[in-house]
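Q: Sharing a structure with you now.
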Amino acid sequence: MEDEPEESLRKIITTLAVKNEEIQNFIYSLKQMIQNVEANSARAQEDLEAEFQSLYALLDELKEDMVMKIKQERASRTYELQAQLVACSKALESSEELLEAANQALGTANHHDFSQAAKQIKDSVTMAPAFRLSLKAKVSDNMSHLMVDFVRPSRGSLGALGPLPMPSAPEIDLAESLVADNCVTLAWRMPDEDNKIDHYVLEYRRTNFEGPPRAKEDQPWMVIEGIKGTEYTLTGLKFDMKYMNFRVRACNKAVAGEFSEPVTLETRAFMFRLDASTCHQNLRVDELSVEWDATGGKVQDVKAREKDGKGRTASPANSPARVVQSPKRMSLGQGGRDRFTAESYTVLGDTLIDGDEHYWEVRYDRDSKAFGVGVAYRSLGKFDQLGKTSASWCLHLNNWLQVSFTAATPSRPSSRSRWLG
């Protein structure tokens, strides 16, 4: 009973610590958002200034075009009117000369001279320019067709100018999303139908925290752009962390919308590597791959002799191939585990299995003659062959003479398959 208050207090401390961490992350997020607001506002103002400068330039260009049209119209009409003015002036001068000649003829006393002068004047009047002229101006002096009024229409059109319409934030559909086989299929939908959406942008990152995405995270957001549909599958992922954060936003031809509410999906996986410190000397190991090396033992023995200056081989614990394990990776090479030897051409994984259900696939080379993959107890001896004792179980493939596949399972590999699982 004395431990109950202490346990209760420990729970309170844990709860407060978790809440404090959440508040600290939120404070960091708020500070980051304030900085983003300042930066984005400055960027928006710069873009606005640039757009108005473009508008000013467009208006100046439009003004120059309209002024040029007015000047051309003025020159054309002035030319026509000037031509008519010259013609009329000449016709008037000719008409005045004829009028003067007619008046002089009226004062002639000689009848013969009068008749001859009258006939000449009549012929001249018939051919006079004054009677061939049109006394109507060829062009009008009205220039109202070139007048403009931008006030009323511009108030309506310019008043409609404003920020570009931004798409709504998508909603991620967890019921239609799936995590399986090193793939994540994420589905989302729009809250309202929007036929102006051009594409979507998906961002994701790995994390070890179950809750909402933290502002401070070691892993960066990875970006997938140009998604046309409302579903996307990420393939070939490596689930080396417990969770993944996802968020999506829609984009039209002009701008990108807000991100959706981020979601966190669990990416359960059993991650391990091959422990080179346990492998047989005739095996060459590189994290998740292993291959036969007929000279491996001899080469390692020579290197060990050169290093130690003695006739014995170096200890597996001091081997350059030994990997440093995290606290959760309990290497079977620790605690005095020797390398496999004799006919036991084996290498162990670096992580113990403590429960759950697991699935592995092995990709093998077509030229492989024989190999096995399986599970074993810690008691597997360094001389034991995998699957040949009660300490282990394996799938074994033999291609020496004819394809032979043995295991406690009904499945058989295809003759064309390069995968075994």
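Using UniProt numbering, read the sequence shown as starting at 1 and increasing by one per residue. All C-beta atoms in this analysis are idealised placements derived from N, C-alpha and C, irrespective of residue type, glycine included. Since this is a predicted model, take the numbers as computed values, not measurements.
#1: Name the two residues that bound the continuous beta strand (DSSP E) containing aspartate 141.
#2: Skipping 5 residues on each side, what residues in its chain have a beta carbon closer than 8 Å to that of arginine 284?
#3: Does DSSP classify arginine 206 as helix, strand or coil?
#4: Just how far apart, CA to CA, sit alanine 276 and glutamate 258?
#5: Per DSSP, what kind of secondary structure is cysteine 279 in: helix, strand or coil?
#6: For asparagine 245, which of helix, strand or coil comes out of DSSP?
#7: Does the Cβ-Cβ distance between tyrosine 232 and glutamate 210 come in under 7 Å?
#8: Taking its Cβ as the centre, do 16 or more other Cβ atoms sit within 10 Å of isoleucine 172, making it buried, or is it exposed?
#9: Exposed or buried, what is histidine 280 when buried is set at 16 or more other beta-carbons lying within 10 Å of its beta-carbon?
#10: For glycine 374 versus tryptophan 393, is the C-beta distance shorter than 7 Å?
#11: Identify whether aspartate 123 lies in helix, strand or coil by the three-state DSSP scheme.
#12: Taking C-alpha atoms, which residue in Val139, Thr207 and Ser177 lies nearest to leucine 186?
#13: Return the CA-CA distance between isoleucine 13 and proline 167, expressed in angstroms with no decimal places.
#14: Compute the distance between the beta-carbons of tyrosine 200 and alanine 254, then report whether it is under 7 Å.
#15: Where do the ends of the beta strand (DSSP E) carrying glutamate 231 lie?
#16: State yes or no: is the C-beta of alanine 105 within less than 7 Å of the C-beta of alanine 117?
#17: Alpha carbons only, please: which of Tyr79, Phe150 and Leu16 is nearest the one belonging to glutamine 63?
#18: Would you report the Cα separation of alanine 39 and glutamate 46, rounded to the nearest angstrom?
#19: Could you tell me whether the Cβ atoms of leucine 234 and valine 179 are closer together than 7 Å?
#20: In whole angstroms, give me the CA-to-CA distance for lysine 90 and leucine 55.
#21: Do you know offhand how far asparagine 103's Cα is from methionine 127's?
#22: Could you have a look at valine 201 and say whether DSSP puts it in helix, strand or coil?
#23: Which value, in whole angstroms, describes the spacing of the CA atoms of glutamate 193 and lysine 228?
#24: Who are the near neighbours of glutamate 357 in its chain, counting only those whose CB is closer than 8 Å to its CB and skipping five residues on each side?
#25: Would you mind listing the alpha helix (DSSP H) stretches within the segment 24-95 that are 4+ residues and don't spill past its ends, in chain order?
#26: Using CA coordinates, which residue listed in Ile27, Lys238, Val37 and Met143 is at the minimum distance from arginine 77?
#27: Just to check my reading of the structure: lysine 382 and threonine 341 have Cβ atoms closer than 8 Å, yes? What is that Cβ distance to the nearest angstrom?
#28: Buried or exposed for proline 213, going by 16 or more other Cβ atoms inside 10 Å?
#29: When you compare only the Cα positions, how much space is there between leucine 348 and tyrosine 377?
#30: With a Cβ-Cβ cutoff of 7 Å, do alanine 130 and serine 95 count as a contact?
#31: Excluding the five sequence neighbours on either side, which residues of its own chain have a C-beta within less than 7 Å of the C-beta of lysine 69, listed in chain order?
#32: Just the Cα atoms here: how many angstroms apart are alanine 317 and cysteine 183?
#33: Specify, as a first and last residue, the run of the beta strand (DSSP E) that serine 289 falls within.
A: A quick look at the data gives this:
#1: Following the DSSP letters along the chain, one finds aspartate 141 in no beta strand (DSSP E), marked with neither H nor E.
#2: Excluding its 5 nearest sequence neighbours in each direction, arginine 284 has C-beta neighbours in its own chain below 8 Å: Val290, Glu291, Trp292, Asp293 and Gly296, listed in chain order.
#3: Arginine 206: strand per DSSP, three-state reduction.
#4: Answer to the nearest angstrom: the Cα atoms are 48 Å apart.
#5: Three-state result, cysteine 279: coil.
#6: Reduced to three states, the DSSP call for asparagine 245 is strand.
#7: Result no, Cβ atoms of tyrosine 232 and glutamate 210 do not sit closer than 7 Å.
#8: Per the 10 Å Cβ criterion, buried.
#9: Buried.
#10: In terms of Cβ geometry, glycine 374 and tryptophan 393 form a close pair [threshold 7 Å].
#11: Aspartate 123: helix per DSSP, three-state reduction.
#12: Of the candidates Val139, Thr207 and Ser177, the one whose C-alpha sits nearest the C-alpha of leucine 186 is Ser177.
#13: Roughly 44 Å separates the two Cα atoms.
#14: No, Cβ-Cβ distance for tyrosine 200 and alanine 254 is not below 7 Å.
#15: Looking at the DSSP string, the run of the beta strand (DSSP E) that includes glutamate 231 is 231-234.
#16: It is a contact, given that the beta carbons lie within the stated cut-off.
#17: Note that residue 63 is lysine in the sequence shown here, rather than glutamine. Here the closest residue by C-alpha is Phe150.
#18: One C-alpha to the other measures close to 11 Å.
#19: Taking 7 Å as the Cβ cut-off, leucine 234 and valine 179 do not qualify as a contacting pair.
#20: Looking at the two C-alpha atoms, the distance is approximately 52 Å.
#21: Taking C-alpha positions only, asparagine 103 is separated from methionine 127 by approximately 19 Å.
#22: The answer is strand: DSSP assigns valine 201 an E or B state.
#23: Answer to the nearest angstrom: the Cα atoms are 15 Å apart.
#24: Cβ within range, chain order: n/a, list empty.
#25: If we require 4 residues or more, the segment 24-95 turns out to have no alpha helix (DSSP H) run fully inside it.
#26: Answer by Cα proximity: Met143.
#27: The beta-carbon distance between lysine 382 and threonine 341, rounded to whole angstroms, is 5 Å. This is short enough to meet the 8 Å contact definition.
#28: Answer is buried; the Cβ neighbour count reaches 16.
#29: When the Cα atoms are used, leucine 348 and tyrosine 377 turn out to be separated by approximately 11 Å.
#30: The answer is yes: Cβ separation under 7 Å.
#31: Taken in chain order, the residues that qualify are Leu146.
#32: The predicted position of alanine 317 is uncertain, since its pLDDT is 31 and thus under 50; no value can be drawn from it.
#33: Element bounds for serine 289: 289-292.
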